[in-house]
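J.: The working numbering applies: residue 16 is where the sequence shown begins, and numbers increase by one. Where is the CB? At the ideal position from N, CA and C, for every residue including glycine. Could you have a look at this structure, given as structure tokens, before my questions?
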Amino acid sequence: MDWGYRRTWAEISRSKLISNYRVLKALCGQHEFFCPMVKCNAYGHGAFRVANWLNQEGVDSFGVALVEEALDLRLGGLLDPDIFVFGIFPQEAVRTILENRLTPVISSLQELEVLDRGLHDEESLKVHIKIDTGMKRLGLSLEQIPEAKKILKKK
């Protein structure tokens, strides 16, 4: 019996993906930062597959939501690109972030403090700081920047 559930799927064309990337990159300009998001398994299209195709085209950074997603890319063989982790993470994940050269995107002082507690005195880590530009959703406010600088200078 057919209960009426949809049997939907999406297929991704490598050539169309590459073509779209080239168009977007041309619009961005040669020296602009370009970071394709491949979170949620590249929105169901296969994160490693999509990232690998784009990496072969010269893309050198990717964004994910979770540390686990970043690890999947590293363990799959994407060792060189920068991988930005946009989601929050527990202190227990700091070692993994450090050991796998991941770049956390910091949206709050609390996230900076988690990193600070998770790193040893002589360790440093590249971070990306998100600034709230007025939407009041995510990012540090301008008033929080001095405190963030204090935390960052500890390391």
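1) Identify whether I166 lies in helix, strand or coil by the three-state DSSP scheme.
2) Under the rule that 16 or more other beta-carbon atoms within 10 Å means buried, what is F101, buried or exposed?
3) What separation, rounded to the nearest whole angstrom, lies between the Cα atoms of L90 and Y36?
4) Along the alpha helix (DSSP H) that carries F63, what are the first and last residues, could you check?
5) Whole angstroms is fine: what's the gap from F63's alpha carbon to N115's?
6) Express the C-alpha separation of S30 and K126 in angstroms, rounding to a whole number.
7) For the alpha helix (DSSP H) containing S34, name the first residue and the last one.
8) Distance check for L153 and I146, CA to CA, integer angstroms please.
9) Three Cβ pairs or more, each shorter than 8 Å: is that satisfied between the region 129 to 144 and the region 79 to 87?
10) Could you tell me which uninterrupted alpha helix (DSSP H) segments, each at least 4 residues in length, are contained entirely in the region 123 to 152, listed from first to last along the chain?
11) Mind checking L117: buried by the 16 CB within 10 Å criterion, or exposed?
12) Exposed or buried, what is A66 when buried is set at 16 or more other beta-carbons lying within 10 Å of its beta-carbon?
13) Looking at the unbroken beta strand (DSSP E) that takes in G78, where does it start and where does it end?
14) In the DSSP assignment, the alpha helix (DSSP H) including L117 goes from what residue to what residue?
15) From A108 to Y20, what does the alpha carbon distance come to, in whole angstroms?
T.: According to the structure data:
1) Looking at I166 - three-state DSSP - the assignment turns out to be helix.
2) Buried.
3) If you draw a straight line from the Cα of L90 to the Cα of Y36, it is about 24 Å long.
4) Looking at the DSSP string, the run of the alpha helix (DSSP H) that includes F63 is A62 to Q71.
5) Each residue's alpha carbon lies about 16 Å from the other.
6) Looking at the sequence provided, one finds Glu at residue 126 rather than Lys. Per the coordinates, the alpha-carbon of E126 lies some 39 Å from the alpha-carbon of S30.
7) That run of the alpha helix (DSSP H) goes R29 to C43.
8) So the alpha carbons of these two residues sit roughly 7 Å apart.
9) With the cut-off at 8 Å, the region 129 to 144 and the region 79 to 87 do not touch.
10) The region 123 to 152 contains these whole alpha helix (DSSP H) runs: 124 to 133.
11) So L117 counts as buried.
12) The Cβ neighbour count for A66, taken over all protein chains shown within 10 Å, is at least 16; the residue is labelled buried.
13) For G78, the enclosing beta strand (DSSP E) starts and ends at S76 to V79.
14) Secondary structure note for L117: it is in no alpha helix (DSSP H), and the uninterrupted beta strand (DSSP E) holding it is L117 to I121.
15) Near 39 Å, if we compare the C-alpha coordinates of Y20 and A108.
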